[in-house]
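Novice: Residue numbers (full-length UniProt numbering), protein chains in the order written: chain A, 1 to 95; chain B, 1 to 499; chain C, 1 to 498.
Virtual Cβ for every residue (Gly too), placed ideally from N, Cα, C.
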Amino acid sequence: MKIDREALHKVAHLARLEVKPEEEAALLASMESVLTWMEQLDEVDTEGVEPLTHMTDEVNNWREDVAKNALSREDGLGNAPSHDETYIKVPKVIE
Amino acid sequence: MPYRLCFCFSEDNFPPELKDYQTLAAIQHDLKTGVSTCVELVRLYLARIEAEQHLNAFVEVYSSDSLQRAEEIDAKLTAGTAGRLAGLVLGIKDVLCYAAHGVQAGSKILDNYKSPFTATAVQRLLDEDAIIIGRQNCDEFAMGSSNESSYFGVVRNAADRARVPGGSSGGSAVAVQAGLCHASLGSDTGGSVRQPAAFCGVVGLKPSYGRVSRWGLIAYASSFDCIGPITKSVEDAALLLEIMAGADEFDSTVSTKQVPAYSKSRTWNESQKVRIGYLRESVESEAVAPAIRQRTLEVIEQLREQGHTVEPVEMPLLKYGLPTYYILTTAEASSNLARFDGVRYGYRSQQASDLESLYKKSRTEGFGEEVRRRILLGTFVLSANYYDAYYTKAQRVRKLIRSETEQLLTRYDFLISPVTPTTAFKLGEKTDDSLQMYLADIFTVGANVAGTPAIAIPNGLDENGLPIGLQVMTQAFEEEKLLSFSQYMSATIATPEKV
Amino acid sequence: MTSTEFTPTELPDELLEKYETVIGLEVHCQLLTDSKLFASDTNRFGGEPNTHISPLTLALPGTLPKLNQKAVEYAVRLGLACGCDISRHTIFDRKNYFYPDLPKGYQISQDKAPICVGGGVTVTTKDQENNPVERTIRFHHIHLEEDAGKSVHDGSSSDTQLDYNRAGTPLVEMVSEPDLRSAEETGAFVTEIRRLVRYLDISDGNMEEGSLRCDVNVSVRPFGQEEYGTKVEIKNMNSIRNIMRAVEYERRRQVSALENGDALFQETRMFDAETGETYGMRVKETMNDYRYFPDPDLCPVELTEERVQAIKSQMPALPRELREKFVSQYGIPAYDAELLTDTRDMARYFEELCGLTTHYKTASNWLMGPVRSYLNESGTEIAAFPLTPGTLAELIELIETQVISHSVATQKAFPALLEEPGRSPRELAEASDWLQNRNTNELETLVEEVLQSMPDKVKAYQKGKKGLMGLFVGEVMKKSKGKGDPKMINQLLAQKLN
C-alpha cells in the first residue's frame with residue numbers, strides 16, 4: 001500500500017507524534033512495506049465470517065455500585081511532572 | 001535428567017555456594033533442612049547479578065528490600081507460617097506493576113514513574129511469600145523479539161554475549177538462564193515469553209488468554225497480552241500458574257473458570273498415549289535452521305517410539321497469523337499507549353511551549369523508534385478509510401485462525417513445533433529490517449491469535465552451543481494436560497546435552 | 001439596483017417563514033450512581049478537586065475498566081421509559097482523541113451496538129390558536145459513556161489546571177432524530193427529558209450543575225425541500241432558556257445568510273449568553289477521526305428478557321402515565337394534571353392525598369395554590385413540606401363539609417398548621433373558634449341588621465349596582481366575626497334583596 005507524505009503527517013498528528021523531514025523517507029518506506037505485507041490477508045476468503053471482537057467468552061462481567069477512592073490526592077498528583085497541591089497542570093489550552 | 005544452565009560460568013568463577021536448583025521444591029528442601037536460608041539465597045543472587053551486570057538483565061535491583069523480605073520469610077519459616085512460595089527469589093519484567101516501585105516498560109516515557117498499586121498476579125505470588133529481587137529489562141513496551149529496543153540498552157544472551165536473548169522478555173529469560181534469580185515473570189503477546197525462553201534454554205509458559213488477570217500489566221495489546229512464568233522446570237511453571245491464575249475483581253476479561261491445582265497434577269501416565277500433530281513446514285522448510293529441524297524430528301521419532309501417534313498437519317492459515325497479529329496488536333497498542341502524554345506522569349518534554357507541543361514532543365522524545373513505528377501503523381489501520389480493509393479484515397481472519405486451531409486440537413491432543421526458526425541471532429543482525437524481525441515470531445504468534453496455551457521447553461543445543469526450544473500447544477484452558485505432558489517430555493525426551 | 005443585506009435581527013417575517021428549521025439534540029445526562037462508570041471512585045458533584053480519583057481514573061499504566069452494574073440498570077430504565085428497543089447484546093467502543101481532561105487518550109463509549117435503540121419522547125406545545133399540540137420526538141439511540149475531567153482556567157497563570165473528579169462519571173447520551181422544528185419545541189423537549197430523568201430517579205437533571213447538558217444541531221431548509229441544509233452544532237448548552245435563544249438566533253442567522261447568498265459551513269459554534277448570538281470558534285477545528293473500535297478490555301453485556309422485565313417491574317410510574325391517571329381516575333383537568341406531575345414527589349403527594357379524600361379538584365387546587373406558594377416562598381421542596389397528606393386531607397374535609405369557610409382555611413388555618421404541623425386541623429379549628437356559623441336564623445338576623453343600616457346602598461343595588469353585593473357580604477362577615485358561611489350569606493342576601 002503506497003502512502004504519501006500527507007497521509008503520514010495526518011496519521012502522525014492523530015497519534016501526536018512528530019515526524020522530522022529527514023525521517024520521512026525511511027519511515028514511509030518501512031511503513032509501506034509493512035502495510036503491503038499486511039495486505040496478504042486479502043488472499044483469505046472471509047465471506048460471511050464475523051469479526052472476532054472479544055477474545056473472552058465472558059459476558060456481564062460487572063461490579064456492584066460501591067464507592068471507593070483508591071488513591072489519595074497526594075499520591076495521585078505525586079507522579080505528575082507539573083502540579084501543585086490541588087491540580088495537575090499543563091500549558092494553557094487555547095480555545 | 002537435570003538440565004545444567006550455567007554455560008556462562010567457568011569452574012573458577014562459579015560461586016560454589018549457590019546450588020543449581022532446578023525446582024522450588026529443591027530449594028524449600030534445603031531451607032527446611034537448614035542447609036540454606038532465604039537471606040543467604042538472596043545474598044548469593046545479588047552477588048551473581050552484580051557479577052553478571054554486563055548481561056544487563058536487570059533494570060533495578062531491590063537489594064535492601066529483598067534482604068528485608070528474606071529475613072521476614074525466614075522468621076515465618078521458623079514459625080511454620082510461611083506461604084507456598086517461601087524461598088522463591090523472583091524477578092519481574094519491567095511491565096509488571098509493584099507498589100511503591102518504579103516501572104517503565106523499558107521506556108524513557110515512564111522515567112521516574114512509581115506505581116501506587118501491585119499487579120494482581122504479582123500480589124498473589126507475594127501473598128505466598130515470594131521475594132522480588134528486581135525488575136527486568138525488556139523491549140520497549142514489550143514490542144520486540146530481541147530485547148534490543150529497550151531504553152536501558154540491549155540484553156545479552158548468557159550463552160553467547162554477542163547474541164540476543166530474544167524478546168520482549170529478554171531480561172527475564174536471561175536472569176533464569178544465568179542463575180540471577182530462580183524464576184521470572186514475563187509477558188507474552190506474540191511469543192515474548194516462549195521465544196526468549198527458547199533462545200536461553202529455559203522453560204517459558206504462555207497460559208490461555210484470560211487465565212491470569214492483566215490488572216497491573218502495562219498493556220501492549222489487550223486481546224493478546226498474557227502474563228507467563230519463565231522457570232527452569234515445568235514443575236515450577238505449574239506452581240506459579242496455579243497461584244496466579246483465576247478470576248479477579250479488577251479485570252473484566254479474566255476467565256471465571258475454576259483453576260485446577262496445576263502443581264498437584266499427577267505425573268503423566270506412561271500408558272496413556274496421545275495424538276500429536278506437528279507443523280509439516282516446521283521440519284521441512286529451508287527457513288528453519290537445520291539443527292532445529294533435526295532436533296524436532298528427533299523428538300517426533302522418540303514420541304513415536306513411546307507409542308504416541310505423531311502426524312504432520314497442515315495449517316494453511318498459519319502464515320496469515322503474523323500479519324493478523326501485527327494489524328491487531330499495533331491497532332490496540334496505538335490506543336493503549338495514548339495515555340503516555342506527559343500530563344499526569346512520566347516524561348514531559350522541556351521543549352513544550354503549549355499543549356500540542358507538550359504532547360508531540362513528550363511522545364516523540366519519550367518513545368523509541370519501534371514503538372513510534374507501531375503506533376503509527378496502528379493509528380493507520382484504525383483510521384476511517386482503512387478500518388474495514390485492515391482492522392475488520394484481520395478480526396475476521398483471526399476468527400478463522402482460531403477455528404482452524406480449535407478444529408485441529410479436537411483431532412490432536414497437542415500440537416508441537418519449534419519455537420523459533422533460528423537460534424539466537426547476533427546483536428544488530430535484524431534491527432535494520434523490521435519485517436525480518438517480525439517473521440521470527442512465525443511459530444509463536446498462533447497461540448496468541450487463537451488464545452490457546454503454549455509452552456516452550458528446552459530441546460538441546462545447536463552446533464554453536466546455542467539453545468533450541470520445542471513448543472507444545474493445546475486447547476484453551478487445558479493447561480493441566482499441557483503441563484503434565486510437557487513435564488513428562490522434559491524428563492523423558494528432550495536431551496539438552498547435545499554438544 | 002441595490003440589493004438588501006439581511007441580518008439575523010432584521011429579517012422580514014415572510015422570508016423567515018419560507019424556511020423550515022430542523023433541530024436535533026444530543027443530551028448528556030449524568031447518572032446518580034454511587035461510583036463511576038468503570039472506576040469505583042465516588043460519583044458526586046463538588047468535592048475537593050482530585051479527591052474522587054483512583055489509578056484507573058488517572059489512567060495509570062496497567063489499569064483496566066470494570067463496568068458498574070447500576071449504570072446499566074439506569075440506562076435500561078431510561079430506555080424502557082422512552083419506548084426504546086433494549087439491545088439484548090451491547091458492547092463498548094473506544095473513541096480515541098487527545099485532550100488533557102481525557103486521561104486514557106480515549107473515551108469509553110458506545111458506537112456499534114448502543115444499549116437502547118429508537119424510542120422517543122412526546123412533547124406538548126401550543127399552536128397559533130393556543131391549542132395544545134402533541135408531537136413525538138424520536139431518538140436515534142441512547143448510549144452509555146464516561147464523562148471527562150474538568151479543565152480549570154486560572155486567569156492569572158499560563159497554565160490550565162486539571163481536576164479529575166468528574167473523569168469517568170457515568171453518562172447516558174440521548175441522540176434525537178432531527179425531528180424538532182422550533183425553539184419552543186426544543187425547550188419543551190429538554191424540559192420533558194429533565195422531568196423524565198428525575199422521575200426515574202436516575203439523575204438530578206440539574207443543568208446549572210452540569211448534570212444535564214445539550215449539544216444542539218440546527219439547520220434550515222426551504223419548506224418542501226427534502227434535503228437537509230448545512231448543519232451547525234452548538235455545544236454544551238446548559239440552560240433551557242439559552243437553548244431556545246440559541247436556536248432562534250441560529251435559525252435567523254442561517255436564513256439571512258442564505259437569503260444574502262452567503263455560504264454556510266458545517267461547523268461548531270458557541271453561544272454567547274450576553275449577546276444572544278452564536279459565534280464560530282476562532283481556531284479552525286480539524287475534523288477528528290475517532291477511530292472507534294470495540295474495547296478489548298471489556299466484555300459484552302447481554303440483557304435477557306428476565307433481566308429487562310425485572311428492571312421494568314421496579315420502575316417508578318412515568319409522568320405521562322400519571323397525568324392520564326389523574327385525568328381519568330380523579331377527573332381533574334389536563335392543565336392541573338400537568339402541574340401536579342411536574343415532579344414525582346408532587347405527584348406522589350397528590351396521589352396520597354386522593355387516597356384520603358374524594359374531593360380531588362379541591363385537593364388539586366390546594367396543591368397548586370396555597371401549598372405551591374408556600375413552597376416557592378420558603379424555598380422548600382414538596383418532599384420537605386411540613387404538612388402530611390393526612391393533615392391536608394382533614395383540612396379539605398372541613399372545608400367541603402362547610403365546617404370552616406374557605407377563607408378561614410386559607411388565611412388562618414393553613415398558616416397556623418404550618419407553625420404546628422402535628423396538630424389536627426379539626427382540633428385547631430375548634431380551639432380557635434373558627435367554626436363556621438351556619439345558623440340560618442342567626443345569619444338572617446345579621447343580614448337584616450346590615451341591610452337596614454344602609455338603605456341607600458340597598459336602593460342602589462336594586463337599581464342595578466350589582467357590585468354592591470360584595471360590600472353587603474363583607475359587612476355581614478364582619479358582624480359575624482368572620483365565621484359566617486359566605487355561601488349562606490349570599491343566599492340570604494339574595495333572597496332579601498330581590
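#1: For A/S82 versus A/K92, is the C-beta spacing smaller than 8 Å?
#2: Spatial neighbours of C/R423 within its chain, please: CB distance less than 7 Å, with the 5 preceding and 5 following residues excluded, ordered by chain position.
#3: With 16 other CB atoms within 10 Å as the buried threshold, where does C/R241 fall?
#4: So is C/P421 buried or exposed if we call it buried at 16+ other beta carbons inside 10 Å?
#5: Tell me where the beta strand (DSSP E) around B/Y278 begins and ends.
#6: Measuring CB to CB, does A/V49 end up less than 8 Å from B/K399?
#7: Which residue wins for smallest C-alpha separation from B/W268, given the options B/S486, B/R43 and B/C38?
#8: Pick out the complete alpha helix (DSSP H) segments inside the region 225 to 273 of chain B, 4 residues or longer, and give them in chain order.
#9: DSSP state of B/A333, grouped into three classes?
#10: Mind checking B/S208: buried by the 16 CB within 10 Å criterion, or exposed?
#11: Comparing the C-beta of C/A59 with each C-beta of chain B, is any distance below 8 Å?
#12: Does B/L317 get closer than 8 Å to chain A when you measure Cβ to Cβ?
#13: Between the alpha carbons of B/A454 and B/L470, how many angstroms are there, rounded?
#14: How about the region 48 to 65 of chain C and the region 57 to 76 of chain A: do they share at least three Cβ pairs that are nearer than 8 Å?
#15: Do C/R88 and C/D295 have their beta-carbon atoms positioned less than 8 Å apart in this structure?
#16: Listed in chain order, which residues of the region 394 to 410 of chain B have Cβ atoms closer than 8 Å to some Cβ of chain A?
#17: Would you say A/N79 faces chain B, with C-beta separation under 8 Å as the test?
#18: Could you run through the region 198 to 219 of chain B and flag, in chain order, every residue whose CB is less than 9 Å away from some CB of chain C?
#19: Can you confirm whether the region 191 to 204 of chain B touches the region 161 to 174 of chain B when touching is taken to mean that 3 or more C-beta pairs between the two stretches lie within less than 8 Å?
#20: Measuring only between beta-carbons, confirm whether C/K66 sits less than 8 Å from chain A.
#21: How about A/R5: is its C-beta nearer than 8 Å to some C-beta of chain C?
#22: Within the same chain, show all residues whose beta-carbon is closer than 8 Å to that of B/L322, passing over the 5 residues directly before and after it, in chain order.
#23: Hey, could you find the ends of the alpha helix (DSSP H) C/N242 is sitting in?
#24: Which bits of chain B does C/S55 rub up against, with CB to CB less than 7 Å?
#25: Answer with yes or no whether the minimum CB distance from C/K104 to chain B is below 8 Å.
#26: What are the residues in the region 40 to 70 of chain A lying within 9 Å of chain C by C-beta distance?
#27: Exposed or buried, what is C/P12 when buried is set at 16 or more other beta-carbons lying within 10 Å of its beta-carbon?
#28: Find the nearest neighbour of A/D42 within the set B/D388, B/E284, B/Y98 and B/F152, judged by alpha-carbon distance.
#29: Going by the beta-carbon positions, is the gap between C/E444 and C/L492 smaller than 8 Å?
#30: Compare the C-alpha of C/D297 against each of A/I3, A/M38, A/Y87 and A/T56 and name the closest.
#31: What three-state label does DSSP hand C/M477 in the structure shown?
#32: Return the first residue and the last residue of the alpha helix (DSSP H) that B/S63 is part of.
#33: Using a Cβ-Cβ cut-off of 8 Å, state whether B/P458 counts as contacting chain A.
#34: Between the Cα of B/G210 and the Cα atoms of B/A450, B/M473 and B/E356, which residue gives the shortest distance?
#35: Determine the DSSP secondary structure at B/T309, reduced to helix, strand or coil.
#36: For C/E448, which residues does DSSP report across the bridge?
Specialist: The answer reads as follows:
#1: Walking along the first sequence from the start, residue 82 of chain A turns up at place 82. Walking along the first sequence from the start, residue 92 of chain A turns up at place 92. No, these two residues do not count as a Cβ contact at 8 Å.
#2: Here residue 423 of chain C refers to the residue found at position 423 of the third sequence. Excluding sequence neighbours, C/R423 sits near L417.
#3: Start at 1 with the first residue of the third sequence, and residue 241 of chain C comes out as number 241. The residue in question, C/R241, is exposed, as its Cβ has fewer than 16 Cβ neighbours within 10 Å.
#4: Taking the first residue of the third sequence as position 1, residue 421 of chain C is located at position 421. The residue is exposed, with fewer than 16 neighbouring Cβ atoms inside 10 Å.
#5: Position 278 of the second sequence, counted from the first residue, corresponds to residue 278 of chain B. Taken as a continuous stretch (DSSP letters only), the beta strand (DSSP E) holding B/Y278 covers R275 to L279.
#6: Residue mapping note: residue 49 of chain A aligns to position 49 of the first sequence, counting from 1. Residue mapping note: residue 399 of chain B aligns to position 399 of the second sequence, counting from 1. Closer than 8 Å, so yes.
#7: Walking along the second sequence from the start, residue 268 of chain B turns up at place 268. Closest option to B/W268, Cα to Cα, is B/S486.
#8: 234 to 244
#9: Working through the second sequence from its first residue, we reach residue 333 of chain B at position 333. B/A333: helix per DSSP, three-state reduction.
#10: For this step, residue 208 of chain B is matched to residue 208 along the second sequence. Flag for B/S208 reads buried.
#11: Taking the third sequence and counting its residues from 1, the one referred to as residue 59 of chain C is at position 59. Yes, contact with chain B.
#12: Within the second sequence, the letter at position 317 stands for residue 317 of chain B. For B/L317, the answer is yes, since a Cβ of chain A falls inside 8 Å of its Cβ.
#13: Numbered from 1 along the second sequence, position 454 holds the residue referred to as residue 454 of chain B. Numbered from 1 along the second sequence, position 470 holds the residue referred to as residue 470 of chain B. Answer to the nearest angstrom: the Cα atoms are 10 Å apart.
#14: yes
#15: Taking the first residue of the third sequence as 1, we reach residue 295 of chain C at position 295. Taking the first residue of the third sequence as 1, we reach residue 88 of chain C at position 88. Not a contact, by the Cβ cut-off of 8 Å.
#16: A394, Q395, R396, V397, R398, K399, L400 and R402
#17: Counting from 1 along the first sequence, the entry for residue 79 of chain A is found at position 79. Chain B contact via Cβ: present.
#18: S213, R214, W215, G216, L217, I218 and A219
#19: yes
#20: The residue labelled residue 66 of chain C in the question sits at position 66 within the third sequence. Cβ-Cβ to chain A under 8 Å: yes for C/K66.
#21: Taking the first sequence and counting its residues from 1, one reaches residue 5 of chain A at position 5. Not one chain C Cβ lies under 8 Å of A/R5.
#22: If you number the second sequence from 1, residue 322 of chain B lands on position 322. Y438, L439, D441, I442 and V445, listed in sequence order.
#23: Along the third sequence, one-based indexing puts residue 242 of chain C at 242. Start and end: I240 to N260.
#24: Start at 1 with the first residue of the third sequence, and residue 55 of chain C comes out as number 55. Checking the sequence shown, residue 55 of chain C turns out to be Pro, not Ser. The answer, in chain order, is P116 and F117.
#25: As a first step, residue 104 of chain C must be located in the third sequence, where it is residue number 104. Yes, because at least one Cβ of chain B sits closer than 8 Å to the Cβ of C/K104.
#26: P51, T53, H54, M55, T56, D57, E58, V59, N60, N61, W62, R63, E64, D65, V66, A67, K68, N69 and A70
#27: For the purposes of this step, residue 12 of chain C is identified with residue 12 of the third sequence, where counting begins at 1. Label assigned to C/P12: exposed.
#28: As a working note, residue 42 of chain A is residue 42 in the first sequence. Selected option, being the one with the closest Cα: B/D388.
#29: Start at 1 with the first residue of the third sequence, and residue 444 of chain C comes out as number 444. Start at 1 with the first residue of the third sequence, and residue 492 of chain C comes out as number 492. The answer is yes: Cβ separation under 8 Å.
#30: The count along the third sequence starts at 1 and reaches residue 297 of chain C at position 297. The candidate whose alpha carbon is nearest that of C/D297 is A/T56.
#31: By one-based count along the third sequence, residue 477 of chain C stands at place 477. Three-state DSSP puts C/M477 in a helix.
#32: Walking along the second sequence from the start, residue 63 of chain B turns up at place 63. Start and end: S63 to A79.
#33: Looking up residue 458 of chain B in the second sequence gives position 458. Not one chain A Cβ lies under 8 Å of B/P458.
#34: As a working note, residue 210 of chain B is residue 210 in the second sequence. Of B/A450, B/M473 and B/E356, the residue nearest in Cα terms is B/A450.
#35: As a first step, residue 309 of chain B is located in the second sequence; it is residue number 309 there, counting from the start. B/T309: strand per DSSP, three-state reduction.
#36: The count along the third sequence starts at 1 and reaches residue 448 of chain C at position 448. Paired residues: none, contrary to the question.
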